[in-house]
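Each remark here refers to the structure printed beneath this line.
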Amino acid sequence: MEKEEIKEEVIVESEERKPKLYQEIKSITFTGILIALMFAFAWTILGFIPLGFVSPTTVFLPVAVGICCIEKKGYGIALGIAFGICSWIRSFAPASVLDPYFQNPLVSVLPRALMGIVVVFIYALIKKAVKNSIVRGVIVGALVPLFNTIFTMTMLLIFHYTDITALLADTMSVTKWLFGTVVLLNMLPEMALGIIVTAIVSKSIEKIKF
């Protein structure tokens, strides 16, 4: 009898592990797809749109979608790091005057990693308070490009302030460039796009549990 009971317990444990294994496989697979999309975006004009002193990006979209849909901190942080690596690799084929500065991983990779960490933990708090997936998608879709811009511009100015002021010369001040160019042409359009896409996608795949 004891052997039969042990066998039954082993079978039960095995059956309980299967769903968790399948969920993990789905999470890994979906993360891989999102990272592949990031690299695909990064090497087309759809990924980084060169506008002189700024390059609005859509590469952050898979990060926002992944954070909302997978809902596991490690995967969200990994997507943020992947975004940074995409930016770093892309900088070696510069499309704007600032791109060469992103060859410094502290400017390209670190800010995106920090963005992933911050938004993932904010999302964990949002999830407890907000049950509507569309609202969560709207919030995350806005937060990802917001923190991406804040952290990236901070690191860029810390490490390359002198270079940037030299590039701007007498055309405009750094403050005017940040708020008149970066915010208006870069961050705000990215936030609008992030809100729309993340809300729609997160709602569309709401029934898929990762």
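Remember, the numbering used here sits 792 above the position in the sequence shown when you count from 1.
Note that beta-carbon positions come from the ideal geometry of N, C-alpha and C, so glycine has one too.
It should be emphasised that the depicted structure is a prediction, and the values quoted were computed from it without experimental measurement.
- Cβ neighbours of Val930 within its own chain (closer than 6 Å, five residues either side excluded): Ile987 and Ala991.
- Put simply, the region 875-884 touches the region 893-913. At least three CB pairs are less than 8 Å apart.
- Membership of Lys923 in any alpha helix (DSSP H) is not indicated, and neither H nor E is assigned to it by DSSP.
- In this structure, Thr850 is the residue among Lys864, Gly824 and Thr850 with its C-alpha nearest to the C-alpha of Ala934.
- Rounded to the nearest angstrom, the gap between the Cα atoms of Val966 and Tyr814 is 50 Å.
- DSSP lists Phe840 as the bridge partner or partners of Thr849.
- A buried status is given to Glu982, since no fewer than 16 other beta-carbon atoms sit within 10 Å of its beta-carbon.
- The C-alpha of Leu948 lies about 26 Å from the C-alpha of Gly866.
- In the DSSP assignment, Ala874 falls within the alpha helix (DSSP H) that extends over Lys865 to Arg882.
- Relative to the Cα of Ala828, the nearest Cα in the group Pro848, Phe852 and Glu816 belongs to Phe852.
- Per DSSP, Thr973 lies in no alpha helix (DSSP H) segment and is marked neither H nor E.
- With a cutoff of 8 Å on beta-carbon distance, Ile859 and Val912 are scored as near each other.
- Comparing alpha-carbon positions, the option among Ala921, Ala832, Thr836 and Phe840 lying closest to Leu977 turns out to be Phe840.
- In the same chain as Pro848, and ignoring 5 residues on each side of it, the C-beta atoms closer than 7 Å to its own belong to Ile841, Leu977, Asn978, Pro981 and Glu982, in chain order.
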